[in-house]
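2 protein chains.
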Amino acid sequence: MRISELAERTGVPVHTLKFYLREGVLPPGRATSRTSADYGDEHVERVRLVRALVEHGGVGLRGVRAIVGALESPPPSRHDLLGAAAAVIPTPAPRGPVDPEITGLLEELGWCTWSGAPALTALGDAVAAARAAGVPLDAATLRRYAAGMTVVAEADVDLALAAQDPAEAMRTVVVGTVLGDPVLVALRRLAQEAVSSRRQAAADAREDA
Amino acid sequence: MRISELAERTGVPVHTLKFYLREGVLPPGRATSRTSADYGDEHVERVRLVRALVEHGGVGLRGVRAIVGALESPPPSRHDLLGAAAAVIPTPAPRGPVDPEITGLLEELGWCTWSGAPALTALGDAVAAARAAGVPLDAATLRRYAAGMTVVAEADVDLALAAQDPAEAMRTVVVGTVLGDPVLVALRRLAQEAVSSRRQAAADAREDA
DNA sequence: TGACACCGGATAGTGCCACTCTCCACCATG
DNA sequence: CATGGTGGAGAGTGGCACTATCCGGTGTCA
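Keeping their order, the protein sequence lines are chains G and F. For any residue, its number in this note's numbering is found by taking its place in the first sequence, counting from 1, and adding 859. For any residue, its number in this note's numbering is found by taking its place in the second sequence, counting from 1, and adding 859.
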């Protein structure tokens, strides 16, 4: 198909598609002449991926470029998969040292991670920011958070293991992680409401009794 | 203290503080003369809150203004607290209708939420985006996600109930929700790694046997 | 064959937003 | 009295995703 049809099918303006081509997040089509190229279903899929990452994942085009680059050359073995995925998932720049309390907590959980891992510094910074803003985020709460995220991570790993080939597993891990975050955030809001109203109902029942 | 000392204590440039004053996210100090004002510890706290929300919460100044406005006039009763908090927490604009599968899932969980709630549409859009990007996000996985987030939400509600006064509870809910998101995201990454390596170890052990 | 829209490619411009700088009159402090 | 910080307002900066303009070439239909 031509670029105009690609635009029509994806709902993305032609200008933006050209921009994506220039930025290297959309591979060029098979050139049929000097001034026209042929795009296939894989381009439609790619455009949808890019849009989802940008709009819902909050990923910049630099991050998208890294992700699609990794998806195009997936690691051969399942073992490196998670490392390769972690290397490609955009993470906030580290802002400060990690509180020893955090590393202690992770050790206690048996989550031995290489000190300096992006997710570790991100955790340290996020906890420090929350506390600086006045949230009483104690170790007990963090442990409960960790328990909840373990449930989530089990589901994540199962989803990745269900993939047929390494390329699909890679896509599931990377894209599922990035686009799964907003899903989890929304579920957290809904769960807060549900838990709160359940507690309220229980309190009312006690009051009536 | 004067604005320069406020800048020094918070590490935020004077120009930025003036900007925050203009944008209404930082209340003016007590004027001691026509060209000088006095700032207190509450200003230091507020600046730290604003920085945390902007830098780590990814909240824009418009959202920060809404949040600090709500924190200054907290609801009197605990009952409205969650509603008031939900109204103030920035949510992505709804992009499309919610898949009936999602609403069915929530009903099944007993999370009866007003159709059209921001968190509900956000969930629908996030799931739709993930699926459009090729992530096989099935209902079973969503159920597991919901289970994990229930654990998180229980911790959230307990944290809010531990607050002394409604104002502190409000701050804990709103700020804890916004700044808790990056904490959870980081924990998810670490949990994925931990779960994956645990599974790997188990598989190796089976192989050796 | 010729008109014409469309194609690719490159350059420049837009809008948003958080921040930063400039300028000014004024006052506190040495 | 001189200096420099202060409050206040406007304009400028930089990053980034996108959008518009322009160009020569080309497929297509009359």
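Note that beta-carbon positions come from the ideal geometry of N, C-alpha and C, so glycine has one too.
Item, Value
"Since residue 920 of chain G meets chain F, which of its residues come closer than 7 Å, beta carbon to beta carbon?", "Result: empty, since nearest Cβ-Cβ is about 16 Å, beyond 7 Å."
"Could you pull the DSSP bridge partners for residue 896 of chain G from this structure?", "G/890"
"Take residue 968 of chain F and list the residues in its own chain whose beta-carbon comes closer than 7 Å to its own, dropping the five residues that flank it on each side.", "1005"
"With distances taken Cα to Cα, identify the nearest neighbour of residue 988 of chain F among F/976, F/913, F/957 and F/965.", "F/957"
"On the three-state DSSP scale, how would you describe residue 1059 of chain F?", "helix"
"Counting only C-beta atoms, is residue 875 of chain G closer than 8 Å to chain F at any point?", "no"
"Round the Cβ separation of residue 1048 of chain F and residue 911 of chain G to the nearest angstrom and send it over; I've been treating them as touching at under 8 Å.", "Residue 1048 of chain F to residue 911 of chain G, Cβ: 19 Å. No contact."
"If we count the other Cβ atoms within 10 Å of its Cβ and call it buried at 16 or more, is residue 973 of chain F buried or exposed?", "exposed"
"Locate the alpha helix (DSSP H) running through residue 1016 of chain F, then write down its first and last residues.", "998–1020"
"Evaluate residue 1020 of chain G with the Cβ neighbour count: other Cβ atoms within 10 Å of its Cβ, from every protein chain shown; 16 or more gives buried, anything less gives exposed.", "exposed"
"By the criterion of Cβ-Cβ separation under 7 Å, what are the contact partners of residue 1004 of chain F in chain G?", "1011, 1014, 1042, 1043 and 1046"
"If I'm right that residue 985 of chain F touches residue 1042 of chain G with Cβ under 8 Å, what's the distance once you round it to whole angstroms?", "4 Å"
"Give the straight-line distance between the Cα atoms of residue 872 of chain F and residue 890 of chain F, rounded to the nearest whole angstrom.", "20 Å"
"Assuming residue 978 of chain G and residue 1045 of chain F form a contact by the criterion Cβ under 8 Å, report the distance between their Cβ atoms to the nearest whole angstrom.", "5 Å"
"Name, going along the chain, the residues of the stretch 880–905 of chain F whose beta-carbon falls closer than 7 Å to a beta-carbon of chain G.", "904"
"Short of 7 Å in beta carbon distance, which residues of its chain neighbour residue 896 of chain G, apart from the five on each side in sequence? Order them along the chain.", "887, 888, 889 and 890"
"If we define contact as Cβ-Cβ less than 8 Å, is residue 1023 of chain F a contact residue for chain G?", "no"
"Kindly list, in the order they appear in chain F, the residues whose Cβ is closer than 9 Å to that of residue 933 of chain G.", "Near residue 933 of chain G there are no residues of chain F at all, since even the closest Cβ is about 14 Å away, more than 9 Å."
"For a contact defined as C-beta to C-beta under 7 Å, what are the partners of residue 946 of chain F on chain G?", "Result: empty, since nearest Cβ-Cβ is about 12 Å, beyond 7 Å."
"Just checking: is the beta-carbon of residue 1026 of chain F within a distance shorter than 8 Å of some beta-carbon in chain G?", "no"
"Give me the residue from G/1032, G/963 and G/1028 with the minimum Cα distance to residue 948 of chain G.", "G/1032"
"Can you list the residues of chain F that residue 907 of chain G reaches, using a CB-CB cut of under 7 Å?", "991 and 992"
"Chain G beta carbons: is any one of them nearer than 8 Å to that of residue 1063 of chain F?", "no"
"Helix, strand or coil, according to DSSP, for residue 1076 of chain F in the structure here?", "What the structure shows of chain F is the stretch from 860 to 1068, and residue 1076 of chain F is not part of that stretch, so it cannot be assessed."
"Quick check on DSSP: helix, strand or coil for residue 1040 of chain F?", "helix"
"When DSSP labels each residue in this structure, what does residue 860 of chain G get in the three-state scheme?", "coil"
"Starting from the Cα of residue 914 of chain F, find the closest Cα among F/1040, F/1001 and F/939 and give me that residue.", "F/1040"
"Whose C-alpha, out of G/1022, G/937, G/863 and G/903, is nearest the C-alpha of residue 1062 of chain F?", "G/937"
"Determine the direct distance from the alpha carbon of residue 1011 of chain F to that of residue 1003 of chain G, and round the result to whole angstroms.", "6 Å"
"Is residue 1034 of chain F near the ligand GTP, in the sense that its beta carbon is under 7 Å from a heavy atom of that ligand?", "Ligands in the displayed structure: none, and consequently the ligand GTP is not present."
"So which residues on chain F does residue 1035 of chain G lean against when the C-beta distance must stay under 8 Å?", "989, 994 and 996"
"Can you list, in chain order, the residues of its chain whose CB lies under 8 Å from that of residue 885 of chain F, leaving out five sequence neighbours each side?", "876, 879, 902, 905, 906 and 909"
"Under 7 Å Cβ-Cβ, which residues of chain F neighbour residue 1055 of chain G?", "941 and 1016"
"Got a sec: is the Cβ-Cβ distance from residue 984 of chain G to anything in chain F below 8 Å?", "yes"
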